[in-house]
Amino acid sequence: MKCALVGADGAVRHAERHPTDAERGPDAVVETILTVAEGLAGKARADGLTPTALGIVVPGVVDEARGVAVWSANVGFRDVPLRELAARRLGLPTALGHDVRAGGLAEARLGAGRDAGHVLFVAIGTGIAAAHVVASSAATGAHGAAGELGHILVRPDGPICGCGQRGCLEAVASASSVARRYAELIGPTSDGGSAADAGPGRTMVTAAEVAARAAAGEDLATRVWREAVEALADGLATGQALYDVETIVLGGGLAQAGAGLFDPLRVALRDRLTFHREPRLVPAVLGDEAGCLGAALLALDKLETP
Ligand SMILES: [Zn+2]
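In my numbering, the protein residues as written are 181 to 486.
In C-alpha cells, the structure reads:
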C-alpha cells in the first residue's frame, strides 16, 4: 500500500508504504487500510496540518458511485462498502476509486498527459489495464469496469488469458506474457525441465531482459518482443479508434523499456491508423506513485463536488 499526505496543490508532504499481506483475507486488509488512514490523519494533525478529505483506490471492479469495492482477484474484496467504512472511521469526506483509473487521472493532470484534454493511460505490468481521462475525469463505465484494454481480443487463436478467453491483449503483451512466451520458445533447459515452469533455483528471464536481449540483436528475443509490440499496436489502434485521444501515456514495468518499446510501437501504431489522428505516445512520469496521487485527486475533487 502506497500512502501519502498530499496538499491541495498536489505536492506530497509525507509518504508511507505498508505491506498488503492479502493472504490474511479481505477483512484484515480493510482493517489495515482504515488503521493506516487513521494514522496518516493523526500524523497530519501532529504536524500542524488539517486533513480535509480521504481518497482510497483499490484494484479490481470498483463502483465509484456507490463507494463499493465490488470484486478483486488479488485482495479478495466482494462488495466491500469501503467508502462508508472509511468515512465513518475517520469522519472525513471520502472517495473510493480504482487503482489504474486513479493512476491515469494523476498522469493526465499532473504527469505525462498534462495539457492534453483527452488522455488514454495504459499500464502494462503483470496485466494490462487502461484509463480514459477526459476533462480531468476518468470514465468508470456503467458497472465500474471501464478500461479493460487488456481484454481486447487481438489474437483469436492466441494463448489463453487469465480471464478464460483466448487471445486477449494481455495474454500476448503483458510483462508476464512476454516472459512466459520467451521461456516457452527457448525450450527445455539443460536439466530436462522447461524454463516456462521456473522451479526453485531457476529464474525466468523477465520481460525487461527480453527487451534488452532484443535490443542486443538476439533472434528469439527479437521475435518475442516483436510479437508483443505488434499486439500492443493492435490494442492501442483499437483504443484510438474508440477514444480519439491526443496523448497515450504508457506506464507499468514494460514502459521502462524506453526507446526499445516506444520506437517500434510508434511505427506499428502509425501503420494501423487510416483516418484516425496519430496520438502522442509517451512514457508515464509518476512511476508507482501515480495511483496514490490519483487517490488524493479524487479526495480533493470530492471537496469541490460533495
Ligand atoms: Zn482476457
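Positions of the beta carbon are idealized from the N, C-alpha and C atoms, including for glycine.
query, result
"Spatially closest choice to I236 from G291, E203, L466, G277, by CA coordinates", "G277"
"C472 Cβ short of 6 Å to ligand 1 heavy atom set", "no"
"Other residues of its chain near A353: CB distance less than 6 Å, five sequence neighbours each side excluded", "A408, A411, L412"
"Distance cut-off 6 Å: H194 Cβ against heavy atoms of ligand 1", "no"
"Inter-residue CB distance, T427 and G291 (contact presumed, cutoff 8 Å)", "So it is not a contact: roughly 10 Å between Cβ atoms."
"First and last residue of the uninterrupted alpha helix (DSSP H) at V352", "349-353"
"3-residue-minimum beta strand (DSSP E) runs that sit fully inside the stretch 258-294, ordered along the chain", "258-260, 274-278"
"Whole-angstrom C-beta distance between E350 and C341, which should lie under 8 Å", "6 Å"
"Inter-stretch contact at 8 Å, needing at least 3 Cβ pairs: the stretch 250-262 / the stretch 197-215", "yes"
"Under the three-state DSSP convention, the category P380 falls into", "Caution is warranted here: a pLDDT of 48 is assigned to P380, below 50, making its placement in the model unreliable, and no coordinate value can be reported."
"One or two residues paired with H298 in a DSSP bridge", "V314"
"Unbroken alpha helix (DSSP H) run spanning E426, endpoints", "E426 -> no alpha helix (DSSP H), and no H or E assigned at all."
"Nonlocal neighbours in the same chain, by C-beta distance under 6 Å from G471, ignoring five residues either side", "V237, D279, A282, G283"
"For G271 and A224, the rounded distance between their alpha carbons", "15 Å"
"Residues bridged to I366 (per DSSP)", "The partner list for I366 (beta bridge, DSSP) is empty, contrary to what the question assumes."
"Given L496 as reference, the closest of V314, R360, L285, V390 once Cα atoms are compared", "One cannot answer for residue 496 here, as it falls past the ends of the chain, which runs 181 to 486."
"Residues of its chain near V425, where Cβ-Cβ distance is below 7 Å and the 5 sequence neighbours each way are ignored", "H298, V299, L300, P459"
"Distance cut-off 6 Å: Q420 Cβ against heavy atoms of ligand 1", "no"
"Minimum C-alpha distance to K182 - residue among G240, G307, H194, Y423", "H194"
"Short Cβ contact (7 Å threshold) for A483 with A233", "Just to set this straight, residue 483 is Leu in the shown sequence, not Ala. Against a cut-off of 7 Å, the Cβ pair of A233 and L483 comes out as a contact."
"Assumed close pair C516, L333 - CB separation to whole angstroms, cut-off 8 Å", "No information on residue 516 is available, as it lies outside the stretch 181 to 486 that the chain covers here."
"The beta strand (DSSP E) enclosing A195, as first and last residue numbers", "192-197"
"Contact test: Q436 Cβ vs ligand 1 heavy atom, cutoff 6 Å", "no"
"Identified DSSP bridge partners for G235", "A275"
"Closer than 6 Å: H312 CB and nearest ligand 1 heavy atom", "no"
"Check: H169 C-beta below 6 Å from any heavy atom of ligand 1", "Any question about residue 169 goes unanswered here, given that the chain covers just 181 to 486."
"From G222, R204, G419, residue whose alpha carbon lies closest to that of L185", "G222"
"Which residues DSSP lists as bridging I308, in chain order", "I304"
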